[in-house]
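Here the sequence shown stands for residues 10 to 120, where the numbers follow my numbering.
Here's the structure we're looking at; comments come further down.
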Amino acid sequence: MQIRVVAVPSNLRGQVKVYAEYRIFSRLASLARQIGDVDVVVTDAALDAPASCAATANLGAAGRVTAKVQRRQPIEAIDGAATSLADLVARRLEQQTEEGVQRWSFKSKSF
Numbered sequence: 010m011q012i013r014v015v016a017v018p019s020n021l022r023g024q025v026k027v028y029a030e031y032r033i034f035s036r037l038a039s040l041a042r043q044i045g046d047v048d049v050v051v052t053d054a055a056l057d058a059p060a061s062c063a064a065t066a067n068l069g070a071a072g073r074v075t076a077k078v079q080r081r082q083p084i085e086a087i088d089g090a091a092t093s094l095a096d097l098v099a100r101r102l103e104q105q106t107e108e109g110v111q112r113w114s115f116k117s118k119s120f
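Printed below as a string of structure tokens:
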């Protein structure tokens with residue numbers, strides 16, 4: 010699994026980039042073999058908007074899933090997006106497995 014933090018506000022670049030890579034990896038590590046890559050975009054809070062983190066995982070044949078979370082601080086947004094993305098990835102992969110089992114079951118009944 011490759012994690013790319015493709016956008017981080019310049020005033021937060023160093024620590025936030027490393028933190029985003031760490032949190033995404035730590036939440037997805039158990040599923041890493043089934044994930045091609047993950048793109049992460051982090052924004053800082055503005056006067057009229059909260060900080061946000063959007064993370065998109067490429068699951069190959071299972072498609073792509075995206076989690077987007079807004080919070081008061083970028084670190085909080087990253088934490089939320091990492092947790093949400095892990096849940097979405099697990100559900101998508103589980104759903105694909107169930108569909109594969111159903112297809113196999115339908116085919117096997119014809120024997």
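Glycine is no exception: its CB is placed at the ideal position from the N, C-alpha and C atoms.
All of these numbers come straight from a predicted model, not from anything done at the bench.
Rounding to the nearest angstrom, what Cα-Cα distance links residue 62 and residue 105 in this structure?
26 Å
If you draw a straight line from the C-alpha of residue 30 to the C-alpha of residue 40, how long is it?
15 Å
Any idea which residues DSSP pairs residue 14 with across the strands?
49
Residue of 52, 103, 59 and 50 minimising C-alpha distance to residue 71:
103
With residue 47 and residue 64 assumed to form a contact (beta carbons below 8 Å), what rounded beta-carbon distance in angstroms separates them?
6 Å
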